[in-house]
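Residue numbers (the numbering used here), protein chains in the order written: chain A, 3 to 118; chain B, 2 to 112. Beta carbons are placed, not taken as given, at the ideal position from N, Cα and C, and that holds for glycine.
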Amino acid sequence: AQSVTQLDSHVSVSEGTPVLLRCNYSSSYSPSLFWYVQHPNKGLQLLLKYTSAATLVKGINGFEAEFKKSETSFHLTKPSAHMSDAAEYFCVVSPLGTSGTYKYIFGTGTRLKVLA
Amino acid sequence: SQTIHQWPATLVQPVGSPLSLECTVEGTSNPNLYWYRQAAGRGLQLLFYSVGIGQISSEVPQNLSASRPQDRQFILSSKKLLLSDSGFYLCACQGAYNEQFFGPGTRLTVL
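As structure tokens, this is what we get:
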């Protein structure tokens, strides 16, 4: 069975400092992994995805994530936090279902707070 | 790229009343579509998915049902709402590979 664990429910950083949001996954085969961001009362926006190509994945808004198979991790990073980055972030693992469907398995989310 | 619309944006309904939430998709054809619910303080739970017109798969037995009357229309319904049906409902459309794109969501409050 596949699962995903977001290790921190809340993270606070100062504006201009690095961001690290941690995600570990469990999968019996090479997974597809995603990071999404959700601002309050909004839908989810895809930040980046890993689908067995390059292990370092660059996304939108300066975010990137590194797939580390030996550590079963897919941590999200950003060199310098901006106030607009304050939101909830979800790590997702995606197994292949039937008929080409992908039933996402979501982490419980990490709420990022950016301090001025 | 596809655009996902959800209607209404917010809804307040009494217990026992019916429900109909609509999701429509533009910019793609024959997409796989998904309904998720996000309860307060909790993660997202997959409710239903559909691979085509009239084809619905349910993930969790509950008070809700889904229908897909047209290729790019996905509807979530209930005959009698429960308090536990409150939440944020998200429709998603599968992209060209295995990513999903989400609509803006519907906030449902059952009183």
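Of all alpha-carbon atoms in G28/B, S2/B, Y35/B, P19/B, the one lying nearest the alpha-carbon of G106/B is that of Y35/B. For K51/A, the residues of chain B that pass the 9 Å Cβ criterion are Y98, N99, E100, in the order they occur in the chain. One thing to note: V21/A has its Cβ within 8 Å of the Cβ of T79/A. The beta carbons of G104/B and Q39/B sit about 12 Å from each other, so the pair does not count as a contact at 8 Å. For L34/B, the pairing in a beta bridge is given by DSSP as S51/B, C94/B. Between E60/B and F36/A, the CB-CB gap reaches or exceeds 8 Å.
Using a Cβ-Cβ cut-off of 8 Å, L46/A counts as an interface residue toward chain B, since at least one Cβ of chain B sits closer than that to its own. Taking C-beta separations shorter than 8 Å and ignoring five residues to either side along the sequence, the partners of I54/B in its chain run R69, P70, Q71, D72, following chain order. Contact annotation: T4/B and E27/B have beta-carbon atoms nearer than 8 Å. Restricted to the segment 33-95 of chain A, the beta strand (DSSP E) segments that are unbroken, complete and at least 3 residues in length are 34-40, 46-52, 58-60, 66-70, 75-80, listed in chain order.
For N43/A, the C-beta contacts it makes with chain B under 8 Å involve F89, G106, R108, in order along the chain. In the three-state DSSP reduction, G111/A falls in the coil class, being neither helix nor strand. Residue state for L45/B is assigned as strand, using DSSP reduced to three classes.
For S87/B, the three-state secondary structure derived from DSSP is coil. Under a criterion of Cβ atoms nearer than 7 Å, the residues of chain B adjacent to F108/A are, in order, G44, L45. Annotation for P19/B: S78, S79, K80, K81, L82 place their beta carbon closer than 8 Å to its own, counting only its chain and skipping 5 residues before and after. At the C-beta level, S32/A and T74/A stay beyond 8 Å of one another. Per DSSP, R24/A lies in no beta strand (DSSP E) segment and is marked neither H nor E. Under the 8 Å criterion on CB atoms, F36/A is classed as interfacial with respect to chain B. By the CB criterion at 8 Å, C93/A and F76/A fall inside the cutoff. Annotation: the continuous beta strand (DSSP E) that includes T107/B extends over 107-111.
Burial state of Y104/A is buried, judged by a 10 Å Cβ sphere holding 16 or more other Cβ atoms.
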